[in-house]
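Report on the structure given below.
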Amino acid sequence: MVTKTPKKKKVLKQGMLSNVMHQFDNAANIVGLNPNIRKILEVTNNELVVHFPVRMDNGEVEVFTGYRVQHNNSLGPYKGGLRYHPTVDIDAARALAMWMTWKTSLAGLPYGGAKGGIQLDPAQYSNPELERITRRFTYALGDNIGPELDIPAPDVNTNAQTMAWILDTYMSTKPPAERSMNMHVVTGKPIGAGGSEGRDRATGYGVFLTIKFWAESKQVDLKDKKFIVQGFGNVGYWAAYFLEREGAVLTGVQDAYGSIANEHGISVEKLSEHSQANKGSILGFGDAQSIDNTDFFGLDCDIIIPAALGNQITAENAKRIRAYLIAEGANGPTDVGAEEILLKKGVNIIPDILCNSGGVIGSYFEWLQNRNGEIWQLEEVMQKLEKKLRESFTKVSETAKDRKVDMRTAAFIIAIERLEETYLQRGIFP
Ligand code: GLU
């Protein structure tokens with residue numbers, strides 16, 4: 000029998016866990032977090048690793064490894080995305096689950112934090128293979144997820160279609176009379192499968208809004224401001240779309256395949272059309288030059304939006320950054336060393352747990368609609384999203400001012416204090 004070479008590659012750890020722990024420790028020290036509560040928040044509640052077989056198109060079987068880490072649920076059901084990427088491992092899932100706990104707490108949502116995914120490169124698999132992988136992963140997760148227990152959503156390399164497969168598989172395992180009450184087991188679904196208007200653009204729109212609020216607070220006019228985006232997936236695209244509509248100019252983009260730049264502007268719509276026709280790659284776009292990946296973050300621009308993976312802005316490239324604002328569309332894109340350099344240089348960072356929280360806020364709206372049997376219009380969703388994000392942004396800005404700290408520390412302080420209050424009120428069982 001001929002065996003296919005496994006499609007998994009060994010990849011270097013990203014160290015996101017040490018970053019999130021550093022951010023947590025820093026804020027916990029400032030607020031003097033109750034030491035017992037600190038012990039609880041420092042570790043994850045549950046960690047599930049599943050190995051499951053899937054038949055490939057050529058008839059062979061491949062065994063995959065999937066993860067779901069549930070960090071904390073003191074504020075409500077676990078919530079967070081599933082990513083399909085070679086860098087997914089237990090430490091990455093832990094770090095990302097923790098960021099979800101801080102994010103939902105900061106946003107004032109009735110959710111805890113979780114994250115997971117599968118260690119694979121989806122570009123190596125056909126659509127029918129990805130469907131079988133997703134369905135079998137859902138089956139392996141079984142009742143460890145659930146509409147009132149743990150609610151997955153899209154993340155890197157997963158989308159509304161992935162969520163529809165999860166929903167259908169999960170519902171199929173329930174007795175007929177219970178199926179429709181499980182609609183909110185995942186969010187980020189296609190509209191026809193119980194999804195919400197606006198959820199597709201919620202994260203990118205949120206990134207744009209936080210930039211807009213920041214600009215208002217600093218009396219900066221976004222018109223003609225140059226911005227660059229790392230990652231031209233769902234978050235990068237929508238953030239660029241809304242910024243362009245506001246008059247800002249996209250001057251550089253980097254994706255998994257390479258980097259392009261044009262100081263006179265790159266049309267967001269044209270680039271999106273090009274990338275869709277080019278297997279998701281920005282390379283070969285006619286209206287821009289191809290540049291070296293290592294020169295990307297040093298491009299002459301006002302705003303940088305990292306909207307891809309963790310630890311992309313490092314002590315190495317931070318020195319070359321000329322922008323004065325970094326809006327973290329991705330989770331954990333700036334490592335601890337880079338942050339120190341950037342803050343010293345006076346660069347403002349809108350932290351991930353605030354900047355990209357529009358996604359999970361949009362998920363919350365979808366979950367509420369499913370739970371209550373309601374269908375909201377796009378305008379209503381966008382207005383509610385704006386209101387919620389404005390509240391969060393204002394709270395973070397005020398806390399930063401009062402406590403004389405940067406925005407990330409302020410965001411963590413708010414998130415941690417809300418969790419501390421819950422534990423103090425409820426106590427520890429038994
Ligand atoms: N994956 C997104 C995030 O990192 C969305 C999570 C959700 O909607 O549950 O925030």
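Numbering (numbering that gives the first Met the number 0), first residue to last: 0 to 429. All C-beta atoms in this analysis are idealised placements derived from N, C-alpha and C, irrespective of residue type, glycine included.
Contacts around residue i, its chain only, beta-carbon distance under 6 Å, and the 5 residues preceding and following it disregarded
{"i": "MET182", "result": "GLY193, ASN369"}
{"i": "THR230", "result": "According to the sequence provided, residue 230 is Gly. The question's Thr does not apply to it. If we look at GLY230 and ignore the five residues flanking it on each side, its Cβ neighbours are ALA306, ALA307."}
{"i": "ALA94", "result": "MET15, LEU16, VAL19"}
{"i": "MET381", "result": "GLY197"}
{"i": "TYR256", "result": "SER280, LEU282"}
{"i": "ILE36", "result": "GLU419, TYR422"}
{"i": "ILE320", "result": "PHE296"}
{"i": "ALA92", "result": "TYR66, VAL68, LYS114, GLY115"}
{"i": "ASP405", "result": "LEU342"}
{"i": "PHE428", "result": "none"}
{"i": "THR333", "result": "ILE312"}
Cβ-heavy atom distance, residue i to the ligand GLU, below 7 Å
{"i": "PRO153", "result": "yes"}
{"i": "VAL359", "result": "yes"}
{"i": "SER362", "result": "yes"}
{"i": "GLY111", "result": "no"}
{"i": "THR186", "result": "yes"}
{"i": "LYS78", "result": "yes"}
{"i": "ASN355", "result": "yes"}
{"i": "LYS102", "result": "yes"}
{"i": "ASN330", "result": "yes"}
Beta-carbon contacts of residue i that lie in its chain and below 8 Å, excluding the five residues immediately before and after
{"i": "LYS3", "result": "Caution is warranted here: a pLDDT of 43 is assigned to LYS3, below 50, making its placement in the model unreliable, and no coordinate value can be reported."}
{"i": "ALA152", "result": "LYS78, GLY79, GLY80, LEU81, MET162, VAL185, THR186, GLY187, GLY358, VAL359, SER362"}
{"i": "ASN158", "result": "GLY187, ASN233"}
Identified DSSP bridge partners for residue i
{"i": "SER362", "result": "Partner(s): none; SER362 has no beta bridge."}
{"i": "ILE259", "result": "VAL252, SER289"}
{"i": "PRO350", "result": "Paired residues: none, contrary to the question."}
{"i": "PHE226", "result": "LEU249, ILE302"}
{"i": "PRO52", "result": "VAL62"}
{"i": "THR333", "result": "ILE312"}
{"i": "GLU46", "result": "VAL68"}
{"i": "GLY145", "result": "ASP149"}
Delimiting residues of the beta strand (DSSP E) encompassing residue i
{"i": "TYR77", "result": "77-83"}
{"i": "ILE117", "result": "112-117"}
{"i": "PRO151", "result": "149-153"}
{"i": "ALA326", "result": "324-326"}
Nonlocal neighbours in the same chain, by C-beta distance under 7 Å from residue i, ignoring five residues either side
{"i": "PRO121", "result": "TYR83, LEU129, ASN156"}
{"i": "ALA287", "result": "ILE259, ALA260, ASN261, ILE265"}
{"i": "LEU32", "result": "ILE415, GLU419"}
{"i": "ALA238", "result": "GLY203, VAL206, PHE207, VAL228, ILE304, ALA306, GLY328"}
{"i": "ASN143", "result": "LEU47, ARG67, ASP149"}
{"i": "ASN44", "result": "GLN69, HIS70, ASN71, ASN72"}
{"i": "ILE374", "result": "GLN368"}
{"i": "PRO127", "result": "ASP56"}
{"i": "THR168", "result": "ARG134, THR137, TYR138"}
Segment limits, alpha helix (DSSP H) that includes residue i
{"i": "ALA276", "result": "267-276"}
{"i": "GLN424", "result": "406-425"}
{"i": "MET99", "result": "89-105"}
{"i": "PRO109", "result": "Unbroken run through PRO109: none, as it is neither H nor E."}
{"i": "ASN72", "result": "No alpha helix (DSSP H) contains ASN72, which DSSP labels as neither H nor E."}
{"i": "ASP24", "result": "15-30"}
{"i": "ARG134", "result": "126-140"}
{"i": "ASN35", "result": "34-40"}
{"i": "TRP375", "result": "It is not in any alpha helix (DSSP H) - TRP375 carries neither H nor E in the DSSP assignment."}
{"i": "GLY264", "result": "Per DSSP, GLY264 belongs to no alpha helix (DSSP H) and is neither H nor E."}
{"i": "LYS211", "result": "198-216"}
{"i": "SER244", "result": "What sits at residue 244 in the sequence shown is Arg, not Ser. Here the alpha helix (DSSP H) through ARG244 covers 233-244."}
{"i": "THR157", "result": "Element bounds for THR157: n/a, residue is neither H nor E."}
C-beta contact flag for residue i and residue j at 8 Å
{"i": "CYS300", "j": "PHE226", "result": "yes"}
{"i": "ASP351", "j": "TRP98", "result": "yes"}
{"i": "ILE304", "j": "LYS318", "result": "no"}
{"i": "ARG407", "j": "ILE348", "result": "yes"}
{"i": "PHE296", "j": "PHE23", "result": "no"}
{"i": "LEU298", "j": "GLY251", "result": "yes"}
{"i": "ALA276", "j": "ILE302", "result": "no"}
{"i": "SER356", "j": "SER391", "result": "yes"}
{"i": "LEU353", "j": "LEU105", "result": "yes"}
{"i": "VAL219", "j": "TYR240", "result": "no"}
{"i": "ILE413", "j": "LYS394", "result": "yes"}
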